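Colleague:
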Amino acid sequence: MLTAGLQHFPLGQGSDLAGIVEEVGPGVANVAVGDEVIGFTNDRASQAEFVLVESGNLVPRPANVSWAQAGALFVAGTTAVRSVNLDASDTLVVSGAAGGVGSIAVQLARNAGAKVIGLAGDANHKWLADRGVIPVAYGDGVEDRIRAASGGKVDSFVDTFGGGYVELALELGVAPNRIDTIIDFAAAAKYGVKTEGNHEGATADVLGQLAGLLAAGRLEIPIAKVYPLAEVRDAYRELEQRHTRGKIVLEP
Ligand SMILES: NC(=O)c1ccc[n+]([C@@H]2O[C@H](COP(=O)([O-])OP(=O)(O)OC[C@H]3O[C@@H](n4cnc5c(N)ncnc54)[C@H](OP(=O)(O)O)[C@@H]3O)[C@@H](O)[C@H]2O)c1
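Structural data, given as structure tokens:
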């Protein structure tokens, strides 16, 4: 057996899932064979044709929520829920605003009434603007562009990209307890900012609420691409480029 860090190989991948229940175990009352469900597994096992999953990790798939969006919802959605903690008077900046977590975080923040500035490349500016988000290009001069777009008042910062955004948020005058990074744990340890992500929000309850928002048309998961499961390596190659809009989905 190979060991890397705390992981033991062979190791599966994937937490998010959506599908049709094939079999249920004894004593299961909340789902039945044939039910269409959205869910999650904590066993790194969802990138497969069949997944053994605890019935408490499943919620019904609303009929108008596509399979792709359903299958992409859990980790990014519950992470975004937890990282967005604001009210209507706030101005929030999100780095990686069109990515898997960021694209959901910006929509939830807009739903809460906040002014939202999304850092993204040009190709994603229209998508953000169409959802009421002020798009700002990252790269040289980003601090000045954020100051201009915000009118100098930034209350909160969600960092989904890393590489210096925690420091930028502090430069902008955001209080450490209003900065949340889901990726830069070294900066979080150094400056005492928050690292609230998937762990805190990862429940079937939150998943059900997100599914309800999708069904009501108040949330959308952009689907960058759907790959057949057999092409999973290509999916990861695309993901590691870090220019995905929304989520990449695997279909068995
Ligand atoms: N802690 C947790 O609970 C948790 C949960 C889920 C994910 N994560 C972690 O969070 C991170 C983000 O995941 P994700 O799936 O949301 O990422 P992702 O989908 O790969 O995000 C990529 C996004 O980053 C943007 N981007 C690229 N270069 C940038 C730059 N220099 N500045 C700002 N944005 C830039 C891209 O926008 P353009 O295409 O416009 O360039 C793209 O939309 C990953 O490291 C993941 O492991 C943590």
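Take the sequence shown: its letter number 90 is residue 78 in the working numbering, and every next letter is one higher.
The beta carbon of each residue, even a glycine, is placed where N, CA and C say it ideally should be.
Since the model is a prediction, treat every value here as computed from it, not as a measurement.
1. Anyone know if the C-beta pair for Val82 and Ala100 falls short of 9 Å?
2. Does DSSP classify Ile236 as helix, strand or coil?
3. Does Lys114 pass the burial test, meaning 16 or more other C-beta atoms within 10 Å, or should it be called exposed?
4. List the DSSP bridge partners of Ile134.
5. Mind reading off the beta-carbon distance from Ile171 to Thr148? Whole number of angstroms is fine, and I expect it under 8 Å.
6. Do Val130 and Leu80 have their C-beta atoms closer together than 9 Å?
7. Where Gly120 and Leu107 are concerned, what is the direct C-alpha to C-alpha distance, given to the nearest angstrom?
8. Between the C-alpha atoms of Ala187 and Gly7, what's the straight-line distance to the nearest angstrom?
9. Touch check for the stretch -6 to 5 and the stretch 22 to 37: three-plus C-beta pairs under 8 Å?
10. Hey, how far is the Cα of Glu42 from the Cα of Ala204?
11. Taking 8 Å as the line, does the beta carbon of Asn112 fall inside it for any heavy atom of ligand 1?
12. Give the DSSP-derived three-state secondary structure of Val25 in the structure shown.
13. By Cβ distance below 7 Å, which residues in the same chain neighbour Gly127 in space, the five residues on each side in sequence not counted?
14. By the DSSP assignment, the beta strand (DSSP E) with Val82 in it spans what residues?
15. In this structure, does DSSP put Arg230 in helix, strand or coil?
16. In angstroms with no decimal places, state the Cα-to-Cα distance between Asp78 and Val146.
17. Can you give me the Cβ contacts of Ala241 inside the same chain, cut-off strictly under 7 Å, excluding the 5 residues immediately before and after it?
18. When the Cα atoms are used, what is the spatial distance from Ala102 to Thr169?
19. CB-CB under 7 Å to Ala117, same chain, minus the five flanking residues each way: which ones, in chain order?
Modeller: Working from what's here:
1. Taking the sequence shown and counting its residues from 1, one reaches residue 82 at position 94. Taking the sequence shown and counting its residues from 1, one reaches residue 100 at position 112. Cβ distance not < 9 Å, so Val82 and Ala100 don't count as in contact.
2. Mapped onto the sequence shown, residue 236 falls at position 248. Strand at Ile236.
3. Mapped onto the sequence shown, residue 114 falls at position 126. It is exposed - the Cβ of Lys114 has fewer than 16 other Cβ atoms within 10 Å.
4. Position 146 of the sequence shown, counted from the first residue, corresponds to residue 134. None; Ile134 has no bridge partner.
5. As a working mapping, residue 171 is identified with position 183 in the sequence shown. As a working mapping, residue 148 is identified with position 160 in the sequence shown. Right, the Cβ-Cβ distance comes to about 6 Å (below 8 Å), so this counts as a contact.
6. Walking along the sequence shown from the start, residue 130 turns up at place 142. Walking along the sequence shown from the start, residue 80 turns up at place 92. Not a contact, by the Cβ cut-off of 9 Å.
7. Working through the sequence shown from its first residue, we reach residue 120 at position 132. Working through the sequence shown from its first residue, we reach residue 107 at position 119. In a straight line, the C-alpha of Gly120 is about 13 Å away from that of Leu107.
8. Numbered from its first residue, the sequence shown carries residue 187 at position 199. Numbered from its first residue, the sequence shown carries residue 7 at position 19. Correcting the residue type first, residue 187 is His in the shown sequence and not Ala. Cα-Cα distance, rounded: 23 Å.
9. yes
10. Taking the sequence shown and counting its residues from 1, one reaches residue 42 at position 54. Taking the sequence shown and counting its residues from 1, one reaches residue 204 at position 216. Taking the straight line from one Cα to the other gives about 27 Å.
11. By 1-based counting over the sequence shown, the position of residue 112 is 124. Yes, the Cβ of Asn112 comes within 8 Å of a heavy atom of ligand 1.
12. Locating residue 25 in the sequence shown gives position 37, where the first residue counts as 1. Note: Val25 maps to strand in three-state DSSP.
13. Mapped onto the sequence shown, residue 127 falls at position 139. So no residue of the chain qualifies.
14. As a working mapping, residue 82 is identified with position 94 in the sequence shown. Residues Thr79 to Ser83.
15. On the sequence shown, position 242 is the one that residue 230 refers to. Coil.
16. Taking the first residue of the sequence shown as 1, we reach residue 78 at position 90. Taking the first residue of the sequence shown as 1, we reach residue 146 at position 158. One C-alpha to the other measures close to 13 Å.
17. The shown model of the chain, from -11 to 240, leaves out residue 241, and the question about it has no answer.
18. Within the sequence shown, the letter at position 114 stands for residue 102. Within the sequence shown, the letter at position 181 stands for residue 169. Rounded to the nearest angstrom, the two C-alpha atoms are 19 Å apart.
19. Reading the sequence shown from its first residue, position 129 is the one you call residue 117. Here the set comprises Pro123.
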